[in-house]
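Residue numbers (the working numbering): 5 to 238.
Below, the structure is given as structure tokens:
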């Protein structure tokens, strides 16, 4: 039913909707946040994905979204954007001001998920700091990036990291420690201090949901298009 060559019209919750994914470089494992199926792990050798978690704190996952891996510890940070509305109704999360999202952490050693923060407004993409002291989360409805301290003396605290000109989706850390954020019709680069340093507009996408940088080239993805874009430096 869910094979790529099938043309059947089936609800996306049947076959799943992978949104966030990241490798743990040491083990080669690929972790996937699927909006409907839960937190998945694909072993380094490839093959069928294993479901490693479907709930946290007694509450089932409802709309898993962004994900990143702490490369030092192997811990997986990810978001459950709403415990009220599924991904197929994501517009209601914004329109109704839903604040039931959660920031979560999966420990691969114990195979347990901890709820770090709840009652959040549409938490979406996640980026782990190089030293593992904090994660930056994009809050779509609030048009902001928020920093959550997860280790050290400030663990448990959080603060606004950057206010953005749009509705942020995914967020990634680049080689110099700044965050690259993707927002509808716009991609922005945010410096370490939280200031918007660069903005790209006029891209030929209906929306931009992911931006990745490699060797100076930006790779752009969108949930509305069946292809990825390449933006090379001049």
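Every residue, glycine too, gets a C-beta built ideally from N, C-alpha and C. Nothing here was measured: the structure is a model prediction, and the numbers come from that model.
In this structure residue 143 is in contact with residue 127, their Cβ atoms being roughly 6 Å apart against a cut-off of 8 Å. Per DSSP, residue 100 lies in no beta strand (DSSP E) and is assigned neither H nor E. Taken in chain order, the unbroken stretches of beta strand (DSSP E) that lie wholly in the segment 129 to 206 and span 3 residues or more are 138 to 143, 148 to 153, 162 to 167, 175 to 177, 183 to 187, 190 to 194, 200 to 205. In the DSSP assignment, residue 17 falls within the alpha helix (DSSP H) that extends over 16 to 19.
Secondary structure of residue 116 (DSSP, three-state): strand. Bridge pairing for residue 31: absent [DSSP]. With a contact defined as Cβ atoms closer than 8 Å, residue 91 and residue 21 qualify at about 6 Å.
Under the three-state reduction of DSSP output, residue 109 falls in the strand class. Apart from sequence neighbours up to five positions away, the residues of its chain that approach residue 29 with a beta-carbon distance below 7 Å are 75, ordered along the chain. Between the alpha carbons of residue 49 and residue 157 lies a distance of about 39 Å. In chain order, 211, 213 place their CB closer than 7 Å to the CB of residue 227, counting only its own chain and leaving out the 5 sequence neighbours on each side. Residue state for residue 231 is assigned as coil, using DSSP reduced to three classes.
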